[in-house]
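In full-length UniProt numbering, the protein residues as written are 5 to 170. From the three backbone atoms N, C-alpha and C, an ideal C-beta is built for every residue, glycine too. Input: a single structure, listed below in structure tokens.
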Amino acid sequence: HSGFVAIIGRPNVGKSTFMNRILGEKIAIMSPKAQTTRNKINGIYTTDDVQIVFVDTPGIHKPKNELDEYMDKAALSTLNQVDAVLFMVAADEKMGPGDQYIMHQLAEVKQPVYLLINKIDLVHPDDLLPVIEQYQSLYNFAEVFPISATMGNNVDDLLKKLESQL
Ligand code: GDP
Ligand code: MG
Numbered sequence: 005h006s007g008f009v010a011i012i013g014r015p016n017v018g019k020s021t022f023m024n025r026i027l028g029e030k031i032a033i034m035s036p037k038a039q040t041t042r043n044k045i046n047g048i049y050t051t052d053d054v055q056i057v058f059v060d061t062p063g064i065h066k067p068k069n070e071l072d073e074y075m076d077k078a079a080l081s082t083l084n085q086v087d088a089v090l091f092m093v094a095a096d097e098k099m100g101p102g103d104q105y106i107m108h109q110l111a112e113v114k115q116p117v118y119l120l121i122n123k124i125d126l127v128h129p130d131d132l133l134p135v136i137e138q139y140q141s142l143y144n145f146a147e148v149f150p151i152s153a154t155m156g157n158n159v160d161d162l163l164k165k166l167e168s169q170l
């Protein structure tokens, strides 16, 4: 099994933290500041059974200038070239226009899109279901994974799922 997986989501939801956890090295640049990850950074997850190349997609956000537009196009072309897309949101944050904009763009993506609800360590379990349902009402995700990139919850389940899909 081998393939390419892209990760997308608005700034600060935990994309770099997640990549660093599964890749076991500090490859992607982590920062509490928005927009630190400007270039896509590939990391390769390898076991005896699988090789997954992860792509840390630069943020898709409503274009304000030509550079934004260029970055959006680059991100979208990345999403159409991979085998699966991980769309990450944060469980402790309200869905915003940024998330809706990304889901709108994802409508053009034919590959399976998985919803990763990250930072579940910050919310009460009872508050999770409404969040999941809100996102699912706007996009037909292949599957939903509530995770914590810092604590590691459900990350193995997600990796197993990806392995089985590739
Ligand atoms: P990115 O912009 O999407 O790449 O987000 P980062 O990986 O840089 O993370 C942004 C902030 O969220 C950092 O301060 C991380 O430590 C924090 N963070 C990431 N994942 C989790 C998580 O699962 N739980 C909690 N509590 N914080 C997280
Ligand atoms: Mg990042």
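Item                                                                                                                                                                           : Value
Mapping the DSSP letters down to three states, classify Val89 as helix, strand or coil.                                                                                        : strand
For Ala111, which option in Asn122, Pro134 and Leu142 has the closest C-alpha, if you only look at C-alpha atoms?                                                              : Leu142
Which residues does DSSP list as the beta-bridge partners of Ala94?                                                                                                            : Asn122
So, using beta-carbon positions, are Leu126 and Val9 closer together than 9 Å?                                                                                                 : no
Kindly indicate which three-state DSSP category Gln138 falls into: helix, strand or coil?                                                                                      : helix
With a threshold of 6 Å on Cβ separation, who are the neighbours of Pro129 within its own chain once the five nearest residues in sequence on each side are excluded?          : none
So what does Val57 bridge to, in DSSP terms?                                                                                                                                   : Phe8 and Ile48
Give me, in chain order, the residues of the same chain whose beta-carbon lies closer than 6 Å to that of Ala153; leave out the 5 immediate sequence neighbours on both sides. : Gly18, Thr21, Phe22, Arg25 and Asn122
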